[in-house]
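J.: Protein chains in written order, with UniProt numbering: chain A, 1 to 328; chain B, 1 to 328.
There are 2 protein chains.
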Amino acid sequence: MAKVTIKDVAKQAHVAVSTVSYVLNNSKSVKPETRERILKVIEETGYFPNHVARSLKTKKTQTMGVIVPDIGNIFFVEIIEGIEAYLSQRGYSVILCNTNENQEKERNYLSVLLNKDIDGLIFLATSKNPEIPQNTTIPVVIVDRKFSGNYSSVLVDNVLGGQIATEHLIERNHENVALLTGPLTISPYFDRMMGYRQALEKHGFEYLPFLVEQCGTATYDGGYQGLHRLLDRLSEPPKSIFAANDMMALGAMRALFERGVSIPKQTAIVGYDDIPTASIMTPALTTIRQPKFEMGQKAAEMLFNELQNSADSQSYLFQPSLIVRETG
Amino acid sequence: MAKVTIKDVAKQAHVAVSTVSYVLNNSKSVKPETRERILKVIEETGYFPNHVARSLKTKKTQTMGVIVPDIGNIFFVEIIEGIEAYLSQRGYSVILCNTNENQEKERNYLSVLLNKDIDGLIFLATSKNPEIPQNTTIPVVIVDRKFSGNYSSVLVDNVLGGQIATEHLIERNHENVALLTGPLTISPYFDRMMGYRQALEKHGFEYLPFLVEQCGTATYDGGYQGLHRLLDRLSEPPKSIFAANDMMALGAMRALFERGVSIPKQTAIVGYDDIPTASIMTPALTTIRQPKFEMGQKAAEMLFNELQNSADSQSYLFQPSLIVRETG
DNA sequence: TTGAAAGCGATACCAG
DNA sequence: CTGGTATCGCTTTCAA
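1) If you count every other CB in all the chains shown that lies within 10 Å of the CB of Val41 (chain B), and 16 or more means buried, which is it?
2) Between the stretch 54-65 of chain B and the stretch 81-100 of chain B, can you find at least three pairs of beta-carbon atoms closer than 8 Å?
3) Can you have a look at Phe257 (chain A) and say buried or exposed, based on whether 16 or more other CB atoms are within 10 angstroms of its CB?
4) Considering only the beta carbon of each residue, do Val143 (chain A) and Ile132 (chain A) sit closer than 8 Å?
5) Spell out a yes or no on whether the stretch 75-88 of chain A and the stretch 17-25 of chain A are touching, meaning 3 or more CB-CB pairs, one atom from each, closer than 8 Å.
6) Can you give me the C-alpha to C-alpha distance between Glu167 (chain B) and Leu200 (chain B), rounded to a whole angstrom?
7) Against chain B, which members of the stretch 188-222 of chain A pass a CB distance test of less than 9 Å?
8) Of the residues B:Thr327, B:Tyr316, B:Glu301, B:Gly328, which one's Cα is nearest the Cα of Leu121 (chain B)?
9) Can you find a CB in chain A that lies within less than 8 Å of the CB of Phe48 (chain B)?
10) With C-beta atoms as the reference, is Phe318 (chain B) less than 8 Å away from Val156 (chain B)?
11) Taking only runs that begin and end inside the stretch 161-200 of chain A, name each unbroken beta strand (DSSP E) of 3 or more residues, in chain order.
12) Helix, strand or coil, according to DSSP, for Arg145 (chain B) in the structure here?
13) Under 7 Å, CB to CB, which of the residues in the stretch 249-278 of chain B have a partner in chain A?
14) Over what stretch of residues does the alpha helix (DSSP H) that includes residue 340 (chain B) continue unbroken?
15) Gly296 (chain B) touches chain A at which residues, Cβ-Cβ below 7 Å?
16) Find the residues of chain A that neighbour Gly120 (chain B), judging by a C-beta separation of less than 8 Å, and give them in chain order.
17) What is the rounded straight-line gap between the Cα of Thr287 (chain B) and the Cα of Cys215 (chain A)?
18) Which residues, taken in chain order from the stretch 58-73 of chain B, show a beta carbon closer than 8 Å to some beta carbon of chain A?
19) Starting from the C-beta of Glu101 (chain A), find all residues in its chain whose C-beta is less than 8 Å away, skip the five residues before and the five after it, and write them out in chain order.
20) Return no unless some Cβ of chain B is closer than 8 Å to the Cβ of residue 341 (chain A).
21) Is the Cβ of Thr282 (chain A) closer than 8 Å to any Cβ of chain B?
22) Going straight from the alpha carbon of Tyr151 (chain A) to that of Glu104 (chain B), what length do you get?
23) Which residues in chain A have a C-beta closer than 7 Å to the C-beta of Ile80 (chain B)? List them in chain order.
24) Just checking: is the beta-carbon of Val23 (chain B) within a distance shorter than 8 Å of some beta-carbon in chain A?
25) Could you pull the start and end residues of the alpha helix (DSSP H) that Asn115 (chain B) belongs to?
26) Out of curiosity, what's the CA-to-CA distance linking Asp274 (chain B) and Gln266 (chain B)?
27) I'd like the span of the alpha helix (DSSP H) that includes Met248 (chain B), first residue to last.
28) How long is the line joining the alpha carbons of Pro238 (chain A) and Asn176 (chain A), rounded to whole angstroms?
29) Distance cutoff 8 Å, beta carbons only. Does Asn115 (chain B) sit that close to anything in chain A?
30) Going along chain B in order, which residues have a C-beta closer than 7 Å to the C-beta of Ser55 (chain A)?
31) Go to Ser18 (chain A), then tell me how far its alpha helix (DSSP H) extends in each direction, as first and last residue.
32) For Arg325 (chain A) and Met281 (chain A), I'd like the C-alpha separation in whole angstroms.
33) Which of helix, strand or coil does DSSP assign to Phe242 (chain A)?
34) Per DSSP, what are the beta-bridge partners of Ala268 (chain A) in this structure?
35) Give a yes or no on whether 8 Å exceeds the smallest Cβ distance from Asn98 (chain B) to chain A.
36) Where Pro320 (chain B) and Leu234 (chain A) are concerned, what is the direct C-alpha to C-alpha distance, given to the nearest angstrom?
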């Protein structure tokens, strides 16, 4: 069963390869009869065009690259789902690269991908902000990170999100909301903190540094330990906590549980991201939702458009929203 | 900045393209001086070999396809991580295809991928067992599904897993353990049930159909509803439950919580999979761990070997293990 | 050790 | 409407 090529088809249909190509791509009008004849041969032989050869000629591979920091993180996964949904529908495949929060892997992927066979790149950067090689010839869109350079990007308004979360807490509890944050060098965490401060200010509260705890990593463990530290230095638990992502919130909840402080009675808590686990917990976590799937879709769409219409790079900003559940 | 090709390099280095190719691939000995000269030109021009052209010639694309039923399911994601870890280290990229538990998408991907530019395929099948097109010329390894046909596969001993879980419960509670299972048409669930029955038998218990509840979907909701149904028809909660996956177990826990039955005091529960959320819950879920990452790695390794040594297709069976936590 | 040239499997231009 | 052919960028055989 040697692979059948366009040549074989041409021969069997008694036409030139170019003619076969025309019917394959509908790129030129072909007399119905010949078209039929060719189609029949294709059918019979089970011919299937060779993508690689086609790509060599057209300079288009019909595949996009996606670089993510951690595919174990459901937040990114939902974005990927959005990307995939959009792209697969238009005949694109996606090459997935997991950097595992490892800068070297990231750098490596960046150079491999950019020089390999992808038509475009969607880039979800690792914690520390990296540089994109300058010699890029393909469009790239950045998701969820502010970046210098002329790239498209899709962002969520993290300042607003931080504000909404904090205000919600203030309105329900009227005082001292603590902040449990990830590394402030990561733009989303920085922005959420800004939102927190703005909400405080707006309601006439002072920003109290001893109420904010920065976790080394924005993870369950990070949140767990961070909250223990916070509780250790406070005379009593804060009335409420804004955790800058759900995983930290979950870790914080465990810490609270272990210390015997009841949620939300003694201290309320709101998270950020709305990951699936948040709604499964008992009590279920109140949180800020980011339209992750839509973000992925949008990123894919922007990339697609840049490719089709060589549209200019642009930015798109999504709005987060509050999901009230049981913790605050 | 027009793309520089091997031709350009050859020209600037005053050699033939073949010579450049030789140094690129280390495929023939080249006089050190010429090699240096060529390398220098490559450096200066920033030349990077075109993968597509190379693939066309070599018939190898250095990319593998991976088809998964649901990338939102952490179980599959950890397998993917294993695959990625292994493959990326040997210079392979992976094209990820998410079928979303949709058979048509799956069929579609199967035919696209198999005819496109991948060197091998790792296939995690959707719930319903599909057929792999017969005209496959590339190696395929199946993960976590029994399949007819001459494909490699990596499996976990689900019968054993079901047995371990059930025995653990029996040994701690000594009686009537209920089974909350997913569709029995899916081989892993079928096997776990067999393990359950064997454990029962081994300990002299009768298999009681009214103690087993089959959920429409093996999800949180499925488990939640399934358990409510089970409780509805029983005069009192079973002493223990073996839930055939963690998501169902979590749903069951919520149902139990809502009915005011305490875990594990009144009814103990053990899940299956050991997903991250399982350990985060309060109480933390006792469960059966599957070596997901290793499974992915192994699958990748088998594929890799089939490619390298044209090794024969084979099967590999992993052992599950019990993780005792707080629910049982 | 090096080079010329064939060819991988398609696309698309230019003639007819 | 159809065909011949150059070409995409590389690998590899064969000869020098």
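Glycine residues also receive a C-beta, built at the ideal position from the N, C-alpha and C atoms.
Treat the numbers as computed from the prediction; the structure is a model and nothing was measured.
T.: Let me lay it out:
1) buried
2) yes
3) exposed
4) no
5) no
6) 8 Å
7) Tyr220
8) B:Glu301
9) yes
10) yes
11) 177-181
12) Note: Arg145 (chain B) maps to coil in three-state DSSP.
13) Leu250, Arg254, Phe257, Thr277
14) Missing from the structure shown is residue 340 (chain B); chain B here goes from 1 to 328 and no further.
15) Near Gly296 (chain B) there are no residues of chain A at all, since even the closest Cβ is about 11 Å away, more than 7 Å.
16) The contacting residues do not exist; Gly120 (chain B) stays about 15 Å from chain A at best.
17) The straight-line gap from Cα to Cα measures roughly 30 Å.
18) Contacts with chain A (Cβ-Cβ distance below 8 Å) from the stretch 58-73 of chain B involve Thr61, Thr63, Ile71, Gly72, listed in chain order.
19) Pro69, Asp70, Thr126, Ser127
20) Look at the range of chain A in this structure, 1 to 328, and you will see that residue 341 (chain A) is not part of it.
21) yes
22) 36 Å
23) Ile71
24) Closer than 8 Å: no.
25) 103-115
26) Their backbone Cα atoms lie some 23 Å apart in a straight line.
27) Element bounds for Met248 (chain B): 246-258.
28) Taking the straight line from one Cα to the other gives about 6 Å.
29) Contact of Asn115 (chain B) with chain A is assigned, a C-beta pair being separated by under 8 Å.
30) Val52
31) 17-25
32) 10 Å
33) Of the three classes helix, strand and coil, the one that applies to Phe242 (chain A) here is strand, per DSSP.
34) Beta-bridge pairing links Ala268 (chain A) to A:Ser240.
35) yes
36) 44 Å
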